[in-house]
Amino acid sequence: MATAAPLQLHPDRLLPADPAVRDVARRLHQRVRDLPVVSPHGHVPAAWLADDTPFRDPTSLLITPDHYVNRLLHSHGVDLADLGVGRSETDGPLDEAASRHAFRLLCSHWPAYRGTPVRFWLEAQLAELFGVRVRPSAETADGIYDQVAAALADDAFRPRALYDRFRIEVLATTDDPCDDLAAHRALAEDPTWHGRVVPTFRPDKYLEVGAPGWTALADRLEEVSGVDTGTWPGFLAALQNRRDYFRAHGAVSADHSHADARTDKLTPIEALDLYDLARKGELTADEATALRRHLMWEMARMSSEDGLVMTLHPGVHRDHHAPTAGRFGHDVGCDIPRTVEFPSALKPVLDDFGTHPGFRLVLFTLDETTFSREIAPLAGFYPSVFVGAPWWFLDAPDAIRRWRSTVSETVGFAKTSGFIDDTRAFCSIPARHDMARRLDAGHLAQLVAEHRLDEDEATETIVEMTTTTPRKVFRL
Amino acid sequence: MATAAPLQLHPDRLLPADPAVRDVARRLHQRVRDLPVVSPHGHVPAAWLADDTPFRDPTSLLITPDHYVNRLLHSHGVDLADLGVGRSETDGPLDEAASRHAFRLLCSHWPAYRGTPVRFWLEAQLAELFGVRVRPSAETADGIYDQVAAALADDAFRPRALYDRFRIEVLATTDDPCDDLAAHRALAEDPTWHGRVVPTFRPDKYLEVGAPGWTALADRLEEVSGVDTGTWPGFLAALQNRRDYFRAHGAVSADHSHADARTDKLTPIEALDLYDLARKGELTADEATALRRHLMWEMARMSSEDGLVMTLHPGVHRDHHAPTAGRFGHDVGCDIPRTVEFPSALKPVLDDFGTHPGFRLVLFTLDETTFSREIAPLAGFYPSVFVGAPWWFLDAPDAIRRWRSTVSETVGFAKTSGFIDDTRAFCSIPARHDMARRLDAGHLAQLVAEHRLDEDEATETIVEMTTTTPRKVFRL
Amino acid sequence: MATAAPLQLHPDRLLPADPAVRDVARRLHQRVRDLPVVSPHGHVPAAWLADDTPFRDPTSLLITPDHYVNRLLHSHGVDLADLGVGRSETDGPLDEAASRHAFRLLCSHWPAYRGTPVRFWLEAQLAELFGVRVRPSAETADGIYDQVAAALADDAFRPRALYDRFRIEVLATTDDPCDDLAAHRALAEDPTWHGRVVPTFRPDKYLEVGAPGWTALADRLEEVSGVDTGTWPGFLAALQNRRDYFRAHGAVSADHSHADARTDKLTPIEALDLYDLARKGELTADEATALRRHLMWEMARMSSEDGLVMTLHPGVHRDHHAPTAGRFGHDVGCDIPRTVEFPSALKPVLDDFGTHPGFRLVLFTLDETTFSREIAPLAGFYPSVFVGAPWWFLDAPDAIRRWRSTVSETVGFAKTSGFIDDTRAFCSIPARHDMARRLDAGHLAQLVAEHRLDEDEATETIVEMTTTTPRKVFRL
């Protein structure tokens, strides 16, 4: 191991290369480096913090649940099963030998991550959190595994301790409308807990009225809400009931992700009739889509009334590789983006609620073409619309630079919603926010260097982007 | 006011940050900085110059007519009415108190413009034209208002004096085909006037044969042209009549902006039949679109014959927010871009006139995806086709850089049409052209620094881009 | 000529301008500058090397066959006929006077190529290969013509000598499935030949079952393969027969270019019925498209079985200007890109063969929007999918930078296929590969300068990109 390449995080990483620009960027980054993490959208389970159970092993922490990590290994021929993906509860997690093998697969494929943000996130975790000082490789894999495993046995690496160390101010989870939010409640009632974990209302599958299993979901919604979902008004009331329940447990937003962003309105009678057909399982595919789009309009209406910020993450081809989905389930790395269209899709909602003071709509996309053509122009007119941070495949340094460069000229900075980590990889949260802060510092420094902005304005702006704006946009 | 931040225009603003590249860019910019302004497409009313009436007040000059300024304020919750938008002739402009209030709204929202070109344009006007030396803010608003208002009372700030000070060589207006062009005529006949203001033929609404009110427009066309528009051949002849009238009054181009760029040809009999239905108000929406697309082919045919350069600005969702359009009218900032397609859309016109020596077609877009995929490849083959400058939402530093970087590799520089300010904000014209010159200087300097172009070639190129090419492309 | 501007290739051309970044880039470029050229896709005729006939004259070498050169001249009003385009065999090439005139047209339009890669390629050929020391212009045209013509008369400029001088390791041609590959065979049997020229199976027109002349092609396929193509199974067997013939002659890939990338499967009975209709010339346009798309699925199936790497170059509007195609034929510069969609289009193939160990699929595009949205996400999951290099209109410095910056963050470097010159301009091959190496060096140097990659990793990566990866991906 004496000859292993070192792993060192350079203090100027991701800052602009030009020395004069870098100087400004360094000052801007220093101003926000230690500000708290505001995370209004993500996928960490609240139970981790409620139970504060130690993380089990390096693989189940860093590899198995992270489809960013898995998909690239798979693209180089690694079997997802070897990474612990798709195991049932009865399977349980990988045993020690298999976990160690998975970690070796990651380390021996380290060059595959060159140029990707996954490398940045993993390096930051390994070096900053676990004190690893050697570059991952086939040779160093076991040593790194041991070092991480040893750390995880320490109380300082339990979820609550990390929550504090990460300086998290608020962490949003993503939850099923029928979830009882027991973990959120437990945290709220725990006098030893001083953080803030808020649920997010994510009703996608309840709106996909033509999908297999939807009837059972509608029944479950009735059971949990106590509102009869046998009729259209009842179904809407049950959804509102659960939104209220979420709000009572601290929720500030409702998140939506369908194949498209459409919000076409039906007449009341059309909606009622289609809903009746849905309950009978007699909807055509087109009718199911029509009712789902109308339901999105209803969600916007409810948002304008109850104040849950509406966030949209549309345009993903889920489970693109049918055999992989069949073998391993959903969210295992074979989702592929698709084109998306916002202006026509959102017109019904924006005509009705676009200037409504209670309405907030944050738009995310995997289709970069919409940044300058659609999202920025919409957010640059409608008081309710905000530009969401680059998401998923676009959550990477050059993509974030393209995004800032593309949207700022139309909407400035104050109508962007602030960074969203959107992750289930808890330990990557600080690195993800730090990446955004470094890139914002670089972007603003470039404007200063080109005399497009004074440095005092840039300093004020980066502080706003980091904490003020997300708190304001998400009513935190 | 002693503590107000200063407003200073740095001489190197918008030039590349790298010192070596900036040196080259500075030399290139200096070469063209003082060249005359050639403005072959814009929206300043000719009457301003014919009448030479002093501008009324800071708000009606800088805020009310400029939807770039308004839309961003609106996106931060400002009521457009407070900015003087949508007032009828009987309403008249805002009174002194309201005008001052509007100006305060702008200044107190100054941080909203960070990162946008609007800030660059406004700063240039405030600092260079009006001598303002403090950064706009709630505190400095009244002082700046007074300073601008005082300047406007000076004869040196009347439209003709500014025309000279701005070194405008030619300024194109945009006009209704039935306009009598009285202001243009008055200027032509005025021996004290030495500038050049040319009309532009903009027939959009006369081609939207299915729109409400079209019949009245066709009647009006008949009245003004003296040609019977009751038949299809008559309608075409009346349009040609008005094109000839415009040419006789100095017009060099015809401008077109529809939802798409299609130019599908009908057979003579189909066109004749659809036109008859149009006159009876019996066209379906699809038939109206078909006839409009065919009319675009007829416009191209006429352009190839009469030499009016055809400019296309397609792909805008007009009046996206129906309630705002209902309350304030058109062009108030709620237009949103949409995707556009050129190669198939223009094939009928290009098959027929693409190599016709009399035909010129300049393509503009709000859909950046077409730069490298469609517009540059078309202009890189067809002698008639030129790449228009970045337009509207794309008329900003980083977008202009993306545009140059994207189109030049396929068409070089000589097939780009030159900068178009496209503005109704008269006082912003020098700043807009200066922005383009600075960015062209930066782009060329980068090529020089990377040894892709010699500096003597870069110097020759920037002069051509600035004055030679637009004069040639627009036959000025 | 004493006053002519010099033509000098700067050793740092195309490297980043920032001095510190350039230092790193220079080291990286030096590491790969002299590595062999691996060219797995191109259009140089094998006969040139088999016959080793000297090139005839500067125009027929540098201008006539190169539609990159021609199209830009045409866009400035030059008649393609004056460049020797579209001459039949009986016409023969341009005579000396006409050839010299064509060369003068090129040189006098030299400024038209500023900012384009064509200039880089031509300069490299003129300066490095032919020793030209003056910038092309109307004045220097004849002198340069003479200098190039004199060189071509030298044995050192015959194809085989150049093949060696260019350090080509392997050169792929593109061939009709019915080609007897005589030139490839001659090379293989020639004991004095030590290079490697491999054919590529390009069956496009055999799959366009509804196109005029297809029946004759199917008959020809029967004749050449000796397999009855009167039935669907026979047609497939005949195609497989020719693939096997190509493989026996060294082919490593099959290349496909249709209007879209779709691979929709038909049932066996549907395919059989449509094929029968095709043989009778009774297919509708939609049916022809359906059968072509199914044939693409069959090609993928065969690729997974016989190991020919499948390369896709979809989304071109061929012969956009009908009059030009009518007068001069195909591939004369009036092809225009169109939008393309991959994830849905390829789903049938990827569901069936996406994880098949024998299957390789390399995706090229002229639609940049698919880089981050579709191609990189697909290659970042499927082991079989690789990101092809920027192609055609995108084979230029800034486009290549956009491409690297856009795809690397999702797939890293190891899932990009390596550079493809795709050219029929034999003498431009070294310049094209050198451009790619310089840009890769610049991209990696930027990552090093931003502390996103260590320099030892960058060095390893650029070597892999240049030779290791293309050898591996194309099974060379």
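Going down the list, the sequences are from chains A, B and C. Per this note's numbering, the very first residue in the first sequence carries number -1; after that it's consecutive. Per this note's numbering, the very first residue in the second sequence carries number -1; after that it's consecutive. Per this note's numbering, the very first residue in the third sequence carries number -1; after that it's consecutive. Using N, Cα and C, we set each Cβ at its ideal position, and we do this for glycine too. Everything numeric in this text was worked out from a predicted model, so none of it was measured.
Please specify which runs of the alpha helix (DSSP H), each continuous and at least 4 residues long, are wholly inside the segment 178 to 240 of chain C, giving them in chain order. Positions of the alpha helix (DSSP H) runs, each at least 4 residues long and wholly inside the segment 178 to 240 of chain C, are given as 180 to 187, 202 to 205, 212 to 223 in order along the chain.
Do the segment 305 to 318 of chain A and the segment 57 to 71 of chain A meet, that is, are 3 or more Cβ pairs less than 8 Å apart? no
Let me know if residue 382/C comes out buried or exposed under the rule of 16 or more other beta-carbons within 10 Å of its beta-carbon. For this step, residue 382/C is matched to residue 384 along the third sequence. Looking at its Cβ environment, which holds 16 or more other Cβ atoms inside 10 Å, residue 382/C is buried.
Per-residue contacts from residue 31/B into chain C (C-beta, under 9 Å): On the second sequence, position 33 is the one that residue 31/B refers to. Residues of chain C passing the Cβ test: none, with the nearest at roughly 21 Å.
When DSSP builds the beta bridges, which residues end up paired with residue 254/B? For this step, residue 254/B is matched to residue 256 along the second sequence. 310/B.
When the distance is taken between beta carbons, is residue 85/C closer than 7 Å to residue 143/C? Here residue 143/C corresponds to residue number 145 of the third sequence, with the count starting at 1. Here residue 85/C corresponds to residue number 87 of the third sequence, with the count starting at 1. No, Cβ-Cβ distance for residue 143/C and residue 85/C is not below 7 Å.
Hey, would you say residue 22/B sits closer than 7 Å to residue 446/B, going by beta carbons? Mapped onto the second sequence, residue 22/B falls at position 24. Mapped onto the second sequence, residue 446/B falls at position 448. For residue 22/B and residue 446/B, yes; Cβs fall inside 7 Å.
Buried/exposed call for residue 442/B, threshold 16 Cβ in 10 Å: Translated into the one-based positions of the second sequence, residue 442/B becomes position 444. The residue in question, residue 442/B, is buried, as its Cβ has 16 or more Cβ neighbours within 10 Å.
Contact set for residue 38/C: own chain, Cβ-Cβ below 6 Å, skip 5 residues either direction: Here residue 38/C refers to the residue found at position 40 when the third sequence is read from its first residue. Hits under 6 Å: 170, 468, 472.
Per the contact definition of three or more C-beta pairs closer than 8 Å, is the segment 405 to 417 of chain C in contact with the segment 448 to 462 of chain B? Taking 8 Å as the limit for Cβ pairs, the verdict is that the segment 405 to 417 of chain C does not touch the segment 448 to 462 of chain B.
Closer than 7 Å by beta-carbon distance: list the chain C residues that pair up with residue 475/A, in chain order. What is shown of chain A runs -1 to 474, which leaves residue 475/A out entirely.
With DSSP run on the structure shown, which of helix, strand or coil describes residue 101/B? Stepping through the second sequence from its first residue, residue 101/B is reached at position 103. If DSSP states are grouped into helix, strand and coil, residue 101/B belongs with the helices.
Can you find a CB in chain C that lies within less than 7 Å of the CB of residue 120/A? In the first sequence, residue 120/A corresponds to position 122, counting from 1. No, no contact with chain C.
Would residue 298/A count as contacting chain B if we go by Cβ distances under 7 Å? Translated into positions along the first sequence, residue 298/A becomes position 300. Using a CB distance cut-off of 7 Å, residue 298/A does not count as an interface residue toward chain B.
Against chain B, with Cβ distances strictly below 7 Å, would residue -1/A count as a contact? On the first sequence, residue -1/A is found 1 positions in, with the first residue counted as 1. Annotation note: pLDDT 46 at residue -1/A (below 50); position unreliable, coordinate value reported separately. Cβ-Cβ to chain B under 7 Å: no for residue -1/A.
So residue 348/B contacts chain C; which residues on that side make the cut at Cβ distance below 8 Å? Position 350 of the second sequence holds residue 348/B. Residues of chain C passing the Cβ test: 318, 319.
Could you round the C-beta distance between residue 362/B and residue 309/B to whole angstroms and report it? I think they count as a contact, below 8 Å. By one-based count along the second sequence, residue 362/B stands at place 364. By one-based count along the second sequence, residue 309/B stands at place 311. Going by Cβ atoms, the distance from residue 362/B to residue 309/B rounds to 7 Å, so yes, they are a contact pair.
Below 8 Å on C-beta distance, what does residue 397/C contact in chain B? Residue 397/C sits at position 399 when you count from the first residue of the third sequence. Going along chain B in sequence order, the residues near residue 397/C (Cβ under 8 Å) are 370, 404, 407.
By DSSP, does residue 408/A sit in helix, in strand, or in coil? By one-based count along the first sequence, residue 408/A stands at place 410. In the structure shown, residue 408/A sits in a helix (DSSP, three-state: H, G or I).
Of the residues 341/A, 4/A, 106/A, 251/A, the one placed nearest residue 418/A, counting alpha carbons only: As a working note, residue 418/A is residue 420 in the first sequence. Of 341/A, 4/A, 106/A, 251/A, the residue nearest in Cα terms is 251/A.
State buried or exposed for residue -1/A, treating a residue as buried only when at least 16 other CB atoms are found within 10 Å of its CB. Counting from one through the first sequence, the residue named residue -1/A turns up at place 1. Bear in mind that a pLDDT of 46 at residue -1/A, under 50, signals an unreliable position, so the number given afterwards is only what the model happens to contain. That one is exposed.
Does DSSP put residue 4/A in a helix, a strand or coil? Taking the first residue of the first sequence as position 1, residue 4/A is located at position 6. Three-state DSSP puts residue 4/A in a strand.
Here's a check: name, in chain order, each residue in its chain whose Cβ is nearer than 8 Å to the Cβ of residue 151/B, leaving out the five neighbours to either side. Within the second sequence, numbered from 1, the residue matching residue 151/B stands at position 153. Answer for residue 151/B: 52, listed in chain order.
Among 296/C, 372/C, 451/C, the one whose alpha carbon lies nearest that of residue 357/C: In the third sequence, residue 357/C corresponds to position 359, counting from 1. The option with the nearest alpha carbon to residue 357/C is 296/C.
Does the CB of residue 366/B have a neighbour CB from chain A at under 7 Å? Within the second sequence, numbered from 1, the residue matching residue 366/B stands at position 368. The beta carbon of residue 366/B sits closer than 7 Å to some beta carbon of chain A.
Restricting to runs no shorter than 4 residues, where is the alpha helix (DSSP H) found entirely within the segment 270 to 345 of chain B? 283 to 304, 320 to 326
Threshold first: 3 residues or longer. Then list the beta strand (DSSP E) segments lying entirely within the segment 27 to 107 of chain A, N to C. 35 to 37
Thinking C-alpha only, which one of 62/A, 73/A, 75/A, 11/A is nearest residue 81/A? Within the first sequence, numbered from 1, the residue matching residue 81/A stands at position 83. When each option's Cα is compared against that of residue 81/A, the closest is 62/A.
Just to confirm, is the Cβ distance from residue 347/A to residue 286/A under 7 Å? The sequence position of residue 347/A within the first sequence is 349, counting from 1. The sequence position of residue 286/A within the first sequence is 288, counting from 1. Result no, Cβ atoms of residue 347/A and residue 286/A do not sit closer than 7 Å.
Taking 8 Å as the cut-off, does the segment 320 to 337 of chain C touch the segment 272 to 286 of chain C (at least 3 CB pairs, one atom from each stretch)? The segment 272 to 286 of chain C vs the segment 320 to 337 of chain C: no contact.
Is residue 302/B closer than 7 Å to residue 354/B when the C-beta atoms are compared? By one-based count along the second sequence, residue 354/B stands at place 356. By one-based count along the second sequence, residue 302/B stands at place 304. The Cβ atoms of residue 354/B and residue 302/B sit closer than 7 Å to each other.
Report the three-state DSSP secondary structure of residue 398/C (helix, strand or coil). Start at 1 with the first residue of the third sequence, and residue 398/C comes out as number 400. If DSSP states are grouped into helix, strand and coil, residue 398/C belongs with the helices.
Taking residue 69/A as the query, report the chain C residues whose CB atoms sit under 7 Å from its CB, ordered along the chain. Position 71 of the first sequence holds residue 69/A. Close to residue 69/A, with beta-carbon spacing below 7 Å, are these residues of chain C in chain order: 378, 379.
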